[in-house]
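Below is one structure, written out as structure tokens, with a few remarks after it.
Number of protein chains: 2
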Amino acid sequence: MSKGMVKNAAGRLVPTEVNGRKAFPFAGVGGHRPAGVKAAPRVATCIDYPADGNKLVDDIETALRKCGLRDGMTISSHHHFRNGDLVANAVFDAAARIGVKDLMWFPSASFPCHAPIIDHLESGVVHHIEGSMNGPLGDYCSHGKMRGLGVLRSHGGRYQAVQDGEVPIDIAVIAAPAADPFGNCNGVEGPSACGLLGFALADSQYAEKVIVVTDHVVPFPCVPWQIQGNYVDCVVQVDKVGEPEKIISGTTMITRSPDRLLIAEYVARFVRDAGILRDGFSFQAGAGGTALAFAIFLKEMMKERGIKARFIRGGSTKYLVEMLEEGLTDYILDGQTFDLDGVRSMRENPNHVNTSPFTSYNWHGKGNFASMVDAVVLGATEVDVDFNANVVTHSDGRLLHGIGGWQNCLSSKCTILAIPSFRDRIPVLVDRVTTLCGPGELVDVIITERGVSINPRRKDLLSAVRGSDLPIRPIEEVKKEVEGICGGPPDPPELAEKVIAVVKWVDGTILDSIRQVKG
Amino acid sequence: MSKGMVKNAAGRLVPTEVNGRKAFPFAGVGGHRPAGVKAAPRVATCIDYPADGNKLVDDIETALRKCGLRDGMTISSHHHFRNGDLVANAVFDAAARIGVKDLMWFPSASFPCHAPIIDHLESGVVHHIEGSMNGPLGDYCSHGKMRGLGVLRSHGGRYQAVQDGEVPIDIAVIAAPAADPFGNCNGVEGPSACGLLGFALADSQYAEKVIVVTDHVVPFPCVPWQIQGNYVDCVVQVDKVGEPEKIISGTTMITRSPDRLLIAEYVARFVRDAGILRDGFSFQAGAGGTALAFAIFLKEMMKERGIKARFIRGGSTKYLVEMLEEGLTDYILDGQTFDLDGVRSMRENPNHVNTSPFTSYNWHGKGNFASMVDAVVLGATEVDVDFNANVVTHSDGRLLHGIGGWQNCLSSKCTILAIPSFRDRIPVLVDRVTTLCGPGELVDVIITERGVSINPRRKDLLSAVRGSDLPIRPIEEVKKEVEGICGGPPDPPELAEKVIAVVKWVDGTILDSIRQVKG
């Protein structure tokens, strides 16, 4: 065993210290009990803020200086603009001009549009990133080029880490489509409307300093105030905060692949045949092509049977909005709008409710919404025969995706992974997932184009679908069939010893390590 | 000077310790800078809460036991039902049955309906009360019968005290007109709808344990969730949580007194003539008869001149709701609904926005709404020639009123006290107020039926009304005239040495002491 590494309850080797902080190894689902109290930022006073409520300053650089930016600080940002964010790069460009070094960037997620941060990692302005790294930054990290360890947290895990004081944020920067000079802001108004700002909630509540950056200043009050100005230090007006058309990021198109359509249909039929589809039920499906197709199949079944959901969890798309508008659900409880119909609906429809990682996902709260959802449909890059799943690394070992709400959603009453059995002739069903992101005991059903595999732990589901005409098949059988097609199990990725990132579980413990790729 | 007492910056003798905690003497407006960090409740974990979100327990007693009620704890409650609250008494009755002693009751305010708490004070179940004591409980305290010191805080000061950890709440009990089994709740739905629940916000965020008591359980999700279930430990269903018709509490009738109508008219004319009445302006007026009459005079002036307000701060009444519905303001920013039209409007109109002591009044935030209001119209029990004002004790020295948002509103751009010059032949204008609640430097204008007296510090206002046909008169002149009518200045109240309560300033310092009345 490497020095400073321990084997955790999932049998994975994980470091005992992460970026200078003691780390707890994963202790099993529900096995880690937090000690201590919540983070406690300094008490502010109105003495230090303008009585007229006007906190506007000239530009991002001025705001960073006013907030006392210095070497080694942690700067956070949110990703509601996804690949259309224009603010994070501007913040680190300004930090570079100010001349500070060794910052930690703590985004709720980063995207290909943030590739310019690589220059700041190279120059030393940014020391390392803790947060999802989708694409180029993940690849950079995978090749061992980042100084600190990457830390991958779920949306709920990020809230937990901030709430628990594990990550003290020095300066939070919140890109806001609409704001007043006091700092009240929202994502539903203005030319760059992106829906909501829930990923920045923890940052606003717990950061020592908060900067709101907007391209649409309205007179006080900015209503609704999704982020409250009483937490905000400065407001900066810029030309453009984001390109909302890019929040779509290629994920929100219904699949045309016949295999994936078949998967989607199996999922919908499973939800129906297992008795989950009943009046007042709830579900969550992401914005990937298969998940969208599932929602459309399900919608037809609901109409056929006259069934209405109590709530659908977003990320929202026009398909969910249509269901709300057609009366097929009482509410959309939304954490992230994935298209402009979602944005419009959230602005106009009081039953399209904005949620946050606190309400939906925080494991260190007094419950959360995720465990109340009847069925959730998720993806994965790999799964094994014990139903363990990977969602962050590819079969070649490269870290290319964030966790998002994926881990948090596993606490749903029925967690379904809807995945192709192979991709590019590489099996998705493996002996051992490259990176463990979700413990198998929480994954209830794996549905591929080859059939429906139910976790043997879920005897209730197995007996519920008895008599269904769905192809219910043991996972091992599907795996063998796929290996026959692909010419055997996939080659294991070529990995070096060096750990370049860790995957946190929802309770803040370390679930797995990610190693550098060779070459 | 008595032992353990110091003279503060306002020249008032105040204790250096209050209920076992070190107390800071008032250091002047803006003179006290907080040190330290916010209160930090224990980190919770979903391990301890039901995955299905159902936190319903049988009754209040069970909930209190589940929350670990024991001797000496602090139990908080809110006063959105005002004199129609049915929950606080039930909580202390249950505590008495459990057999605990020496509780501290920390209501946001208490009313005559809470007179039964006197029995619990007598029996030792309740040790003392920190919170507004309107009527019988204040009288009880004034006679020196309560064991601890009463602590009077403004709405903002109460949020500050909880946020800053000055008052750690062990168990918060939140009476909610509508709630789901998870604990999400609001004040706008259900048979006992009272409007909003903002006075319970700090309690939900910072208390170790939170009990929601409701008479209207809805399936998850209860939308809007004015209080978030993620903070809630237990939900209890009872027959009735409150009598919303009693939120009116006799304060929301327009005055018929010719003197008070004259005062109201003077106030409206002053706001107009001083140039405050302009497009996009804002104001706050309470729910007293004079304040309501003022709003009606002002409304006519606004219609005459085609002026629209940007926002009106509530307490809301049907008169403000009419202004919103007639397009005379963009928003009502409401902290407390004072009648059922207010409740309806908040439920139905997205521009009738619910606020909290955090957004509106907390001095230990990064600014608050109160200082952005162009003009506020308030009452007082006494004022002196230096514009110092009293709002909690009567001329006989008895403590009969709470502070409410009164102190917080003093930071408005123009603070107007609209008061009769005498009551029951006792002058309201005095040499020295019995209890100092508001420092004179923050009171800009005193308007009685005898004229408009502008604080000499406000040279800008004095010059703004030059040429107005209002009776602008020095405060000393009005005082002399009133003393002529009443046969001299009022007799000073007969007070004992013993301090029975303190008045806190918005920053948590001690502004004044209240002494026991003799006899």
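Which chain is which? The protein sequence lines are F and Y, in order.
Just so you know, we're using my numbering here: the first sequence kicks off at 1 and counts up by one.
Just so you know, we're using my numbering here: the second sequence kicks off at 520 and counts up by one.
Using N, Cα and C, we set each Cβ at its ideal position, and we do this for glycine too.
Under the DSSP definition of a beta bridge, residue 855 of chain Y lacks any partner.
Contact between residue 32 of chain F and residue 187 of chain F is ruled out by a C-beta separation of about 33 Å, above the 8 Å threshold.
Between residue 849 of chain Y and residue 826 of chain Y, the C-beta spacing is not below 7 Å. In the three-state reduction of the DSSP assignment, residue 316 of chain F falls in the strand class, which pools E and B. Identification of chain Y residues near residue 406 of chain F by a Cβ-Cβ cut-off of 8 Å yields none; the smallest Cβ-Cβ distance measures about 17 Å. Under DSSP, residue 173 of chain F forms a beta bridge with F/211.
Burial check for residue 865 of chain Y: the Cβ neighbour count within 10 Å reaches 16 or more, so the residue is buried. For residue 883 of chain Y, the chain F residues whose C-beta falls within less than 8 Å of its own C-beta are 43, 44, 45 and 46, listed in chain order. Residue 333 of chain F reaches chain Y at 740 and 742, counting residues in chain order whose Cβ is nearer than 9 Å. Along the stretch 121-149 of chain F, the beta strand (DSSP E) occurs as fully enclosed runs of 3 or more residues at 126-129, listed in sequence order.
Using a Cβ-Cβ cut-off of 7 Å, residue 310 of chain F counts as an interface residue toward chain Y, since at least one Cβ of chain Y sits closer than that to its own. At a Cβ-Cβ threshold of 7 Å, residue 790 of chain Y and residue 698 of chain Y do not count as neighbours. Residues of the same chain with a CB within less than 6 Å of the CB of residue 396 of chain F, apart from the 5 flanking positions on each side, are 493 in chain order. Between the alpha carbons of residue 133 of chain F and residue 387 of chain F lies a gap of roughly 25 Å. Between residue 950 of chain Y and chain F, the shortest Cβ-Cβ separation is not below 7 Å. Nearest CB-CB separation between residue 372 of chain F and chain Y: below the 7 Å threshold. Shown in chain order are the members of the stretch 25-38 of chain F whose Cβ falls below 7 Å from a Cβ of chain Y: 30, 33, 34, 36, 37 and 38. Beta-bridge pairing by DSSP links residue 753 of chain Y to Y/730.
Bounds of the beta strand (DSSP E) holding residue 804 of chain Y are 801-804. With a threshold of 7 Å between beta carbons, residue 572 of chain Y makes contact with chain F. Residue 920 of chain Y and residue 912 of chain Y have their C-alpha atoms spaced approximately 7 Å apart.
When Cβ-Cβ separations below 7 Å define contact, residue 206 of chain F makes no contact with chain Y. A distance of 7 Å or more separates the beta carbons of residue 86 of chain F and residue 232 of chain F. Look at the stretch 65-99 of chain F: it has no residue with a C-beta under 8 Å from a C-beta of chain Y. Here the C-alpha atom of residue 692 of chain Y lies approximately 43 Å from the C-alpha atom of residue 1009 of chain Y. In terms of Cβ geometry, residue 10 of chain F and residue 24 of chain F do not form a close pair [threshold 7 Å]. Relative to the Cα of residue 98 of chain F, the nearest Cα in the group F/469, F/126 and F/255 belongs to F/126. At a Cβ-Cβ threshold of 7 Å, residue 745 of chain Y and residue 780 of chain Y do not count as neighbours.
Residue 185 of chain F sits in a strand when the DSSP states are folded into three classes. In the structure shown, the three-state DSSP call for residue 93 of chain F is helix. Per DSSP, residue 1035 of chain Y is one residue of the beta strand (DSSP E) stretching across 1029-1036.
For residue 979 of chain Y, none of the residues of chain F pass the 7 Å Cβ criterion, the least Cβ distance being about 15 Å. Residue pairing of residue 416 of chain F in beta bridges, as defined by DSSP: F/377 and F/445. A buried status is given to residue 968 of chain Y, since no fewer than 16 other beta-carbon atoms sit within 10 Å of its beta-carbon. The residues 984, 987 and 989, in chain order, have a CB closer than 7 Å to that of residue 792 of chain Y in the same chain once the five nearest residues on each side in sequence are set aside.
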